[in-house]
């Protein structure tokens with residue numbers, strides 16, 4: 056599908072760019088002869104991925120905040136001459152953020168569904184063209 060010329064259908068009823076993209080996606084699903092059950096499964100997968108990304112972003116925000124607080128406490132302890140305790144706390148804060156980032160990246164890579172690669176590439180191409 057990426058080798059085909061990308062035709063964007065606009066019927067004038069769309070209120071924003073996202074509606075244009077998704078109307079074209081639905082048209083592409085029909086052209087790919089996807090059944091309604093497959094279309095529903097795609098949309099369920101898409102919503103599930105969005106919810107998962109939102110959850111990951113919240114966890115990442117909390118982890119970064121806690122790690123920055125720990126790192127700041129560690130630097131403060133080093134500044135008041137409590138070197139060993141300060142260095143340990145700063146390294147713990149730094150290690151927490153690194154481990155959490157690696158876990159989130161690994162989880163997000165496992166969730167990608169290869170079944171809908173063609174539809175996702177179409178959505179990404181349409182979004183890029185309509186920016």
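In this note's numbering, the protein residues as written are 56 to 186.
Note that CB positions come from ideal geometry on N, CA and C, so glycine has one too.
Beta-carbon proximity check, residue i vs residue j, cutoff 8 Å
i, j, result
"residue 144", "residue 125", "yes"
"residue 182", "residue 76", "yes"
"residue 159", "residue 111", "yes"
"residue 100", "residue 151", "no"
"residue 155", "residue 115", "yes"
Residue i versus residue j: straight-line alpha-carbon distance, rounded
i, j, result
"residue 57", "residue 79", "Here the model assigns residue 57 a pLDDT of 45, short of 50, so the residue's position is not dependable and the matter cannot be decided."
"residue 120", "residue 127", "11 Å"
"residue 122", "residue 142", "13 Å"
"residue 107", "residue 153", "20 Å"
"residue 138", "residue 130", "9 Å"
"residue 71", "residue 65", "11 Å"
"residue 95", "residue 87", "14 Å"
"residue 178", "residue 97", "13 Å"
"residue 184", "residue 146", "44 Å"
"residue 148", "residue 109", "23 Å"
"residue 135", "residue 113", "33 Å"
Contiguous alpha helix (DSSP H) assignments of at least 4 residues, all confined to the stretch 56–140: 72–86, 91–134
**Asked** Would the stretch 80–90 and the stretch 172–179 be scored as touching if the rule is three or more Cβ pairs under 8 Å?
**Response** yes
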